[in-house]
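Chemist: Those protein sequences? They're chains G and F, same order as listed.
Our numbering puts the first residue of the first sequence at 513, with every later residue one more than the last.
Our numbering puts the first residue of the second sequence at 4, with every later residue one more than the last.
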Amino acid sequence: MRTNVRRNVAAALASALAVTALAACGTSSSADDKPQASGGSTDATTPLDPKTKVTLSIDCMPPAAKAAELKEWKEDVAEFNKTYPNVTIEGRSTPGQCLEPPRFTAMLKAKSQPDVFYAYFTDLQQVLDNDGVQDISAYVTPASVPALDDIDKNVMDVLKRDGKLYGVPTSNYTMGLLVNRKLFQQAGLDPDSPPRSWDEVRTAAKKIAALGNGVAGFGEYSVENTGGWHYTATMYGMGGDIVGADGKAAFNNPTGRQIVDNLHAMRWEDDSMGKTQLLKWGDLQKQMASDKLGMFLAAPDDITYMVQQLGAKYDNFGMGPIPGGAATLAGGNGYMIKKGSSPDKVKAAIAWLNFKTLAVGKGQFRYDRSKADGLPVGLPQPAFFTGASKAKDDELKAASATMPVANFKPFLDHPVPGKPEPVKAQEVYKVLDKVMSGVLTNKDADPAQLLGDAEKAVNQVLGNQ
Amino acid sequence: MSAPTLPRDSRAEFLRAFKRNLTAHGFLIGAVLCFSFFSWYPMVREFLLAFQKTEGGATRWVGWDNFAYVFGDPNVWQAWRNTLLFTGLALALGFVVPFVVSLVLNEFRHAQGYLRLLVYLPVMMPPVASILLFKYFYDPGYGLFNRVLEFLHLPAQDWLQSTDTAMLSVVIASTWMNMGGATLIYLAALQGIPGELYEAAELDGAGLLRKVWHVTIPQTKLILSLMLLMQIIATMQVFVEPFLLTGGAGPEGSTTTVVVLIYQYAFSFNQYGGAAALGLCLLVLLAGFSALYVRLSRDNEN
């Protein structure tokens with residue numbers, strides 16, 4: 513979702529193009545999607561025969577503007593081709609985000625997705641609805657992906673439906689509490705132990721806001737679906753839910769009420785949330801990067817954005833677990849394989865994905881190379897390994913860290929179980945935006961009414977499957 | 004004289020006329036192609052889409068389902084209320100302010116060219132730049148407007164951040180951005196009024212207000228009513244201002260207009276059918292106003 517929001521503006525502009533693309537790309541699937549008559553094996557369990565010639569088109573090759581990432585991609589292709597000389601990797605680069613929803617939808621409807629395509633965890637239902645993805649359960653085994661048993665089960669489960677596996681993860685995120693260390697110190701708070709409950713957040717926010725000079729203690733979104741997204745994250749942290757097991761809205765209850773009341777108190781009684789509201793993704797980052805904001809809910813890659821785009825310094829930020837700590841909103845992205853690909857193609861794709869994104873010390877996890885290329889190393893995510901793979905990955909990461917990793921210790925030492933986004937996430941978030949904007953802009957907001965109206969609207973959205 | 008059969012004659016006539024205007028037809032073809040690809044075809048598609056559902060990679064006819072969905076959505080009613088509020092406020096402000104400004108400008112005998120340019124300048128600014136500017140002006144913490152109010156010892160306002168003032172704030176920004184064009188049109192109309200009428204009114208002892216009431220307004224009535232209709236049509240379709248100023252929602256959705264909602268249906272929720280249905284409703288309403296506009300402008304020509 514976080515990435516969804518960032519894309520929204522660009523997506524709006526791209527949507528007109530997407531419609532054209534839909535028309536233009538309608539016939540790009542080629543004959544080689546059919547099982548090959550010769551030189552291949554249809555048995556999923558046998559490894560790829562090195563003699564088999566396969567061409568793979570793959571989404572999301574870094575664009576030329578990301579010179580270091582592109583260089584690494586090319587190096588990896590060359591390295592991979594040493595083992596599999598007959599596999600041709602045809603990378604397709606995207607200028608902005610790897611996935612813009614309108615373009616992605618158009619691509620699926622036209623069946624013009626590449627052999628190996630990039631998708632967000634939340635896209636699985638849409639991909640299945642469009643009959644666009646290959647079941648790869650039989651192909652992904654400890655033989656083809658050696659670290660398989662060490663990949664977090666929760667992450668893999670997101671890519672499964674009815675026991676079948678439809679993709680492999682490339683990165684993931686969970687949300688936590690991002691803090692500005694400078695402001696924490698100025699306010700006499702300990703940046704190495706960020707608040708763990710909402711009462712503590714409220715107390716800390718008051719102290720930070722007391723610094724004056726336009727500094728806010730805590731910040732929150734309320735438009736463009738980001739308000740609902742954060743309401744959901746807060747709810748998960750407190751052990752609640754947005755959509756219950758019965759498929760109906762599950763937030764109009766004492767837990768949901770507590771979130772609204774707490775925000776109302778911080779905004780209007782404590783005046784610790786700043787006067788400017790109706791913020792969206794990107795706004796809080798700007799405030800925090802310029803030392804005007806003490807805390808907000810975020811994923812670790814927000815820090816990359818603040819450092820690379822807004823000129824902040826890594827050592828000014830730290831992270832703790834999400835307040836409440838019962839569960840945290842989790843998301844991420846991965847690669848899926850186009851429906852109808854030949855077994856050899858699937859095998860080649862898994863071999864590449866394993867090499868590039870799933871093997872400790874290789875591909876995206878070659879931290880020494882990232883450091884040498886001037887890319888950030890040391891953020892706590894992506895992190896989907898467990899067990900021995902995790903230990904090894906942590907060790908490699910620490911050895912090449914380009915930032916003070918101790919700042920993220922509270923986040924790493926108190927892992928909170930990740931929980932996926934609710935069904936029809938974007939529509940539900942849009943409804944919940946109203947709750948957030950209501951409580952943050954209206955001193956006399958009626959929480960019961962806000963939640964009641966939102967419950968009705970969400971049930972309408974959910975009923976309209 | 005033998006009488007040639009009529010059809011052959013008219014065909015020859017047509018061919019002659021066609022050859023005579025060959026260049027004109029050549030130019031016309033380009034325009035017709037562009038309009039058909041980029042305007043008429045999408046309009047026909049939109050009409051069809053309103054009765055179709057496009058989920059699961061296939062399109063099927065669903066009759067009036069999309070309309071039922073749209074009218075069952077409480078957001079739609081709020082969006083219509085917001086749009087009407089915007090139109091009402093935009094007429095109260097955006098109609099009166101340029102007219103008054105043009106009256107004032109018309110009184111200046113010197114430097115009128117420069118003043119016209121000054122009034123028109125905001126129109127030349129890219130809308131996104133103007134809107135970002137207003138976003139900073141409206142900021143309740145550091146914004147220029149609250150600083151000015153503070154200086155005047157007036158209470159600070161929440162501007163975009165309160166359900167009471169959000170729409171008004173959008174209208175103020177919109178008026179500022181668009182008033183230049185309307186002002187120039189009014190000014191042209193004012194300058195077309197014969198001076199003798201004012202002289203006669205002055206001889207009869209009329210003051211400024213009575214001159215405006217008895218001479219200016221009757222003389223510019225047609226232009227005023229045309230502009231009124233055009234403004235209604237334009238403001239009912241407002242999108243850029245609320246979308247950029249308030250993220251398309253504002254406090255508790257108080258600035259979501261119909262067109263913003265159409266956008267959200269299509270590009271946030273993948274509800275193309277709902278978007279098309281709502282767009283069609285708006286189209287029907289605006290077509291009514293447009294018919295009125297055409298009729299008025301015909302009266303004007305007569």
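Beta carbons are placed, not taken as given, at the ideal position from N, Cα and C, and that holds for glycine.
1) Under 7 angstroms Cβ-Cβ, which residues of chain F neighbour residue 967 of chain G?
2) Measure the Cβ-Cβ separation of residue 938 of chain G and residue 272 of chain F and say whether it is below 8 angstroms.
3) Take residue 706 of chain G as the anchor and find which of G:680, G:902, G:688, G:876 has the nearest alpha-carbon.
4) Using CA atoms only, rank isn't needed, just tell me which of G:790, G:616, G:855, G:824 is closest to residue 270 of chain F.
5) Am I right that residue 945 of chain G and residue 82 of chain F are in contact with their C-beta atoms under 8 angstroms? What's the rounded C-beta distance?
6) Which residues in chain F have a C-beta closer than 8 angstroms to the C-beta of residue 799 of chain G? List them in chain order.
7) Here's the rule: buried if 16 or more other CB atoms are within 10 angstroms of the residue's CB, otherwise exposed. What is residue 267 of chain F?
8) Residue 121 of chain F touches chain G at which residues, Cβ-Cβ below 8 angstroms?
9) Quick check on DSSP: helix, strand or coil for residue 67 of chain F?
10) Less than 8 angstroms between the beta carbons of residue 826 of chain G and residue 679 of chain G, yes or no?
11) Within its chain, find whatever has a CB closer than 8 angstroms to the CB of residue 260 of chain F; leave out the 5 residues flanking it on each side and keep chain order.
12) Between the region 131-141 of chain F and the region 175-195 of chain F, do three or more beta carbon pairs fall short of 8 angstroms?
13) Suppose contacts are defined by Cβ-Cβ distances below 8 angstroms. Is residue 808 of chain G in contact with residue 730 of chain G by that definition?
14) What in chain F is Cβ-close to residue 938 of chain G, meaning under 8 angstroms?
15) If residue 254 of chain F sits next to residue 949 of chain G, beta carbons under 8 angstroms apart, how far is it from one beta carbon to the other, in whole angstroms?
16) In whole angstroms, what separates the C-alpha of residue 570 of chain G from that of residue 605 of chain G?
17) Is it the case that the Cβ atoms of residue 925 of chain G and residue 872 of chain G are separated by a distance below 8 angstroms?
18) Which of the three DSSP states, helix, strand or coil, is assigned to residue 751 of chain G?
19) Would you mind reading off the limits of the beta strand (DSSP E) that contains residue 158 of chain F?
20) Of all the options G:961, G:855, G:765, which has the alpha carbon lying nearest to the alpha carbon of residue 652 of chain G?
21) My assumption, with CB atoms under 8 angstroms, is that residue 649 of chain G sits in contact with residue 690 of chain G. Please give the rounded CB distance.
22) By the 7 angstroms beta-carbon criterion, what residues does the region 780-792 of chain G contribute toward chain F?
23) Compile a chain-ordered list of the residues in the region 923-950 of chain G whose CB is closer than 7 angstroms to at least one CB of chain F.
24) If we ignore side chains and look at the alpha-carbon of each, how far apart do residue 966 of chain G and residue 766 of chain G end up?
25) Hey, is the region 560-575 of chain G in contact with the region 625-641 of chain G, meaning 3+ C-beta pairs nearer than 8 angstroms?
26) With a CB to CB cut of under 8 angstroms and the five nearest residues on each side skipped, what residues in its chain are close to residue 723 of chain G?
27) So for residue 934 of chain G, helix, strand or coil by DSSP?
28) By the three-class DSSP mapping on this structure, what secondary structure does residue 550 of chain G have?
29) So with CB distances below 8 angstroms, who are the chain F contacts of residue 736 of chain G?
30) Are there 16 or more other CB atoms within 10 angstroms of the CB of residue 238 of chain F, so buried, or fewer, so exposed?
31) Could you tell me which chain F residues have their CB closer than 8 angstroms to the CB of residue 1036 of chain G, listed as they occur along the chain?
32) Does residue 24 of chain F come out as helix, strand or coil in the three-state DSSP assignment?
33) Is the separation between the beta-carbon of residue 800 of chain G and that of residue 771 of chain G shorter than 8 angstroms?
34) If you run the structure through DSSP and keep just helix, strand and coil, what is residue 681 of chain G?
35) Note down the Cα distance separating residue 65 of chain F from residue 275 of chain F, rounded to an integer number of angstroms.
36) Taking only runs of the beta strand (DSSP E) that begin and end inside the region 576-660 of chain G, which ones reach a length of at least 3 residues, in chain order?
Modeler: This is what the structure holds:
1) None at all; the shortest Cβ gap to chain F is about 12 angstroms.
2) yes
3) G:688
4) G:616
5) Not a contact, Cβ separation roughly 14 angstroms.
6) Here the premise fails: no neighbours, minimum Cβ distance about 11 angstroms.
7) buried
8) What residue 121 of chain F touches in chain G: nothing, since even the nearest Cβ is about 31 angstroms away.
9) coil
10) no
11) 82, 85, 86, 89, 241, 242, 245
12) yes
13) yes
14) 271, 272
15) 5 angstroms
16) 9 angstroms
17) no
18) coil
19) No beta strand (DSSP E) holds residue 158 of chain F; DSSP gives it neither H nor E.
20) G:855
21) Actually they do not touch by this definition, with Cβ atoms about 37 angstroms apart.
22) 786, 787, 788, 789, 790, 792
23) 938, 939, 942, 945, 946, 949, 950
24) 15 angstroms
25) yes
26) 695, 698, 699
27) coil
28) Annotation note: pLDDT 40 at residue 550 of chain G (below 50); position unreliable, no value reported.
29) 250, 251, 252
30) buried
31) Chain G is shown from 513 up to 977; residue 1036 of chain G falls before or after that span and cannot be answered.
32) coil
33) no
34) strand
35) 13 angstroms
36) 599-605, 628-632
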